[in-house]
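Colleague: Provided herewith is a single structure, encoded as structure tokens, for subsequent inquiry.
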Amino acid sequence: MGPQHPSTHGVLRLLLTLDGETITNVEPHLGYIHRSIEKMCEKDSYQQIVHLTDRMDYLSCHINNEAVCLAVEKGLELEVSDRVKVIRTIMSELTRLSSHQLWWGVMGMDLGAITSFLYGFRDREMITDIFEETCGARLTMNYNIPGGLMFDIHPNFQTKVKEFIVHFRKKLPEYDQLMTDNVIFRNRTEGIGILTKEDAISYGVTGPTGRASGWSNDIRKKNPYSAYDRVNFTEIIYTEGDSFARYKARIQEMWESMHIIEQLIDNIPQGEYKEPTKAVIKLPQTEI
10 MGPQHPSTHG VLRLLLTLDG ETITNVEPHL GYIHRSIEKM CEKDSYQQIV
60 HLTDRMDYLS CHINNEAVCL AVEKGLELEV SDRVKVIRTI MSELTRLSSH
110 QLWWGVMGMD LGAITSFLYG FRDREMITDI FEETCGARLT MNYNIPGGLM
160 FDIHPNFQTK VKEFIVHFRK KLPEYDQLMT DNVIFRNRTE GIGILTKEDA
210 ISYGVTGPTG RASGWSNDIR KKNPYSAYDR VNFTEIIYTE GDSFARYKAR
260 IQEMWESMHI IEQLIDNIPQ GEYKEPTKAV IKLPQTEI
């Protein structure tokens with residue numbers, strides 16, 4: 010299976026041993042788009058490293074950026090404003106929605122359902138428009154910086170986000186109608202690709218994939234950061250561990266992301282959007 014073209018998602022090559030339609034053994038060949046990010050981080054400044062993390066997963070670029078910024082800010086004992094924390098959380102959940110929308114469309118297309126791809130991109134376009142208006146980019150945004158945000162939010166930000174939520178709350182049920190209740194789709198995903206809870210923990214499979222195997226690992230609940238300690242939401246967990254459970258986990262996460270955004274969008278505090286930092290950031294040597 011594979012290798013696929015580097016422009017596609019999940020590039021790898023799998024040498025499969027089959028018994029009918031059952032895979033009995035897999036030999037993975039990785040590294041087709043290896044970019045030496047860890048090596049580049051050794052010589053770049055902390056500000057420059059943030060830009061590299063966009064490319065680790067361009068669909069979750071804001072969340073990747075935030076992880077680096079939180080680590081640097083903790084090392085510097087730098088506290089960002091409540092405004093930054095809330096905006097970061099809203100942007101993270103918009104990023105999660107955008108990522109899940111593309112996943113839903115591509116998963117359907119991989120199974121031969123072109124309509125899901127069109128629906129997913131139709132709704133995702135509203136989010137990327139918000140990103141573009143906020144920071145000038147639609148994918149690799151570089152919006153987070155150590156100490157805060159590159160820019161303050163656009164005056165239309167809250168209005169546009171609320172318009173999207175109203176729109177997507179009406180459209181997400183269409184996803185269920187098209188795929189979730191589809192007999193052919195269910196036959197091709199239920200009981201397929203089972204990942205046990207023990208294997209998920211052993212391999213460190215976090216996120217909705219791990220939670221679909223019954224592993225409670227949502228860092229937003231376990232160790233809240235930014236403004237996640239101010240909102241109520243449900244950690245989505247399924248125990249089946251199959252492809253359909255992983256599908257359901259992501260669908261339900263989209264509902265939860267909208268719920269999180271709704272709690273914050275009208276409660277963005279006033280304050281600075283970034284704290285002053287030196288051009289070259291160095292962490293205290295005793296802490297390294």
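Residue numbers (the numbering used here): 10 to 297. C-beta: ideal position from N, C-alpha, C; glycine also.
Check whether the region 56–67 and the region 150–157 are in contact - that is, three or more C-beta pairs closer than 8 Å.
Modeller: The region 56–67 is in contact with the region 150–157.
Colleague: Can you tell me where the beta strand (DSSP E) holding ARG64 begins and where it ends?
Modeller: What you label residue 64 is simply residue 55 of the sequence shown in a count that begins at 1. Careful: ARG64 lies outside any beta strand (DSSP E) and carries neither H nor E.
Colleague: Could you name the residues that DSSP lists as bridge partners for ASP28?
Modeller: Locating residue 28 in the sequence shown gives position 19, where the first residue counts as 1. ASP28 pairs with THR31.
Colleague: Can you tell me the Cβ-Cβ gap for SER107 and LEU68, rounded? I've got them flagged as a contact below 8 Å.
Modeller: Mapped onto the sequence shown, residue 107 falls at position 98. Mapped onto the sequence shown, residue 68 falls at position 59. 7 Å between Cβ atoms; contact.
Colleague: If I measure Cβ to Cβ from LYS171 and keep anything under 7 Å in the same chain, skipping five residues before and after, which residues do I get?
Modeller: Against the sequence shown, residue 171 aligns to sequence position 162. Here the set comprises ILE274.
Colleague: Output the distance between the C-alpha atoms of ASN34 and LEU85, rounded to the nearest integer angstrom.
Modeller: Locating residue 34 in the sequence shown gives position 25, counting from the first residue. Locating residue 85 in the sequence shown gives position 76, counting from the first residue. Straight-line Cα distance between these residues: approximately 47 Å.
Colleague: DSSP state of LEU79, grouped into three classes?
Modeller: Residue 79 sits at position 70 when you count from the first residue of the sequence shown. If DSSP states are grouped into helix, strand and coil, LEU79 belongs with the helices.
Colleague: Which whole-angstrom value is the C-beta distance of ILE139 and LYS169, which I expect to be below 8 Å?
Modeller: If you number the sequence shown from 1, residue 139 lands on position 130. If you number the sequence shown from 1, residue 169 lands on position 160. Indeed, because the Cβ distance is near 5 Å, the residues count as touching under 8 Å.
Colleague: In chain order, what are the residue ranges of uninterrupted beta strand (DSSP E) at least 3 long that sit wholly in the region 155–222?
Modeller: Taking only runs of at least 3 residues, no beta strand (DSSP E) segment lies wholly in the region 155–222.
Colleague: Leaving out the 5 sequence neighbours to the left and right, which residues in its chain are closer than 8 Å to ILE290 when beta-carbon positions are compared?
Modeller: In the sequence shown, the residue the question calls residue 290 occupies position 281. These residues qualify, in order along the chain: SER54, TYR55, GLN56, VAL81, LEU85 and PRO155.
Colleague: Who are the Cβ neighbours of HIS109 in its own chain at under 6 Å, not counting the five residues just before and after it?
Modeller: Indexing the sequence shown from 1 puts residue 109 at position 100. Only ARG259 and MET263 meet the Cβ criterion.
Colleague: Taking the alpha carbon of GLU249 as the point to measure from, which residue in MET116, GLY219 and ARG229 has its own alpha carbon closest?
Modeller: Taking the sequence shown and counting its residues from 1, one reaches residue 249 at position 240. Closest option to GLU249, Cα to Cα, is GLY219.
Colleague: Would you report the Cα separation of GLN261 and PRO293, rounded to the nearest angstrom?
Modeller: Your numbering for residue 261 matches position 252 in the sequence shown. Your numbering for residue 293 matches position 284 in the sequence shown. So the two alpha carbons sit approximately 42 Å from each other.
Colleague: With a threshold of 8 Å, are at least 3 pairs of Cβ atoms found where one atom belongs to the region 278–290 and the other to the region 86–98?
Modeller: Touching, per the Cβ criterion.
Colleague: In the DSSP assignment, the alpha helix (DSSP H) including GLN110 goes from what residue to what residue?
Modeller: Residue numbering aside, residue 110 sits at position 101 when the sequence shown is read from its first letter. First-last of the alpha helix (DSSP H) with GLN110: 91–119.
Colleague: Looking at C-alpha atoms only, which residue of ASN73, GLY11 and LYS94 is the closest neighbour of THR104?
Modeller: For this step, residue 104 is matched to residue 95 along the sequence shown. It is ASN73 whose Cα lies nearest to the Cα of THR104.
Colleague: To the nearest angstrom, how far is it from the Cα of ILE193 to the Cα of LEU120?
Modeller: In the sequence shown, residue 193 corresponds to position 184, counting from 1. In the sequence shown, residue 120 corresponds to position 111, counting from 1. About 10 Å.
Colleague: Using DSSP with H/G/I as helix, E/B as strand and the rest coil, what is ASN226?
Modeller: On the sequence shown, position 217 is the one that residue 226 refers to. In this structure, ASN226 counts as coil in the three-state DSSP scheme.
Colleague: Would you tell me roughly how many angstroms separate the C-alpha atoms of LYS206 and ILE246, rounded to the nearest one?
Modeller: On the sequence shown, residue 206 is found 197 positions in, with the first residue counted as 1. On the sequence shown, residue 246 is found 237 positions in, with the first residue counted as 1. Spanning the two alpha carbons is a distance of roughly 11 Å.
Colleague: Given a threshold of 16 other Cβ atoms within 10 Å of its Cβ, counted over all protein chains shown, does VAL175 qualify as buried or as exposed?
Modeller: In the sequence shown, the residue the question calls residue 175 occupies position 166. Answer is exposed; the Cβ neighbour count stays below 16.
Colleague: Taking the C-alpha atoms as reference points, what is the distance between VAL59 and ASN241?
Modeller: Translated into the one-based positions of the sequence shown, residue 59 becomes position 50. Translated into the one-based positions of the sequence shown, residue 241 becomes position 232. When rounded, the distance between both Cα atoms is 29 Å.
Colleague: Less than 8 Å between C-beta atoms, sequence neighbours within five positions excluded: which residues of the same chain meet that for ALA76?
Modeller: What you label residue 76 is simply residue 67 of the sequence shown in a count that begins at 1. Hits under 8 Å: THR62.
Colleague: If we count the other Cβ atoms within 10 Å of its Cβ and call it buried at 16 or more, is GLY29 buried or exposed?
Modeller: As a position in the sequence shown, residue 29 is number 20, starting the count at 1. Classification of GLY29: exposed, given that the 10 Å Cβ count is below 16.
Colleague: For LEU24, which residues of its own chain have a beta-carbon under 6 Å away from its beta-carbon, when the five flanking residues on both sides are left out?
Modeller: Working through the sequence shown from its first residue, we reach residue 24 at position 15. Correct list, in chain order: GLU36.
Colleague: Taking the alpha-carbon positions, what's the GLU142 to ASN165 distance?
Modeller: Numbered from 1 along the sequence shown, position 133 holds the residue referred to as residue 142. Numbered from 1 along the sequence shown, position 156 holds the residue referred to as residue 165. Distance between the alpha carbons of GLU142 and ASN165 is about 9 Å.
Colleague: Suppose contacts are defined by Cβ-Cβ distances below 8 Å. Is ASP251 in contact with ILE203 by that definition?
Modeller: Residue mapping note: residue 251 aligns to position 242 of the sequence shown, counting from 1. Residue mapping note: residue 203 aligns to position 194 of the sequence shown, counting from 1. A contact, by the Cβ cut-off of 8 Å.
Colleague: For ARG22, which residues does DSSP report across the bridge?
Modeller: Position 13 of the sequence shown holds residue 22. Paired residues: HIS38.
Colleague: Could you check whether MET267 and PHE2 sit closer than 8 Å to each other, using their CB atoms as the reference points?
Modeller: It is not possible to answer for residue 2, since the shown part of the chain is limited to 10 through 297.
Colleague: Starting from ARG239, trace the alpha helix (DSSP H) both ways and give me its first and last residue.
Modeller: Sequence index remark: in the sequence shown, residue 239 carries index 230 (1-based). Here ARG239 belongs to no alpha helix (DSSP H), and DSSP marks it neither H nor E.
Colleague: Please check the pair ALA236 and LYS83, which I expect to be a contact at CB under 8 Å, by giving their CB distance rounded to whole angstroms.
Modeller: For this step, residue 236 is matched to residue 227 along the sequence shown. For this step, residue 83 is matched to residue 74 along the sequence shown. Incorrect: roughly 16 Å between the Cβ atoms, too far for contact.
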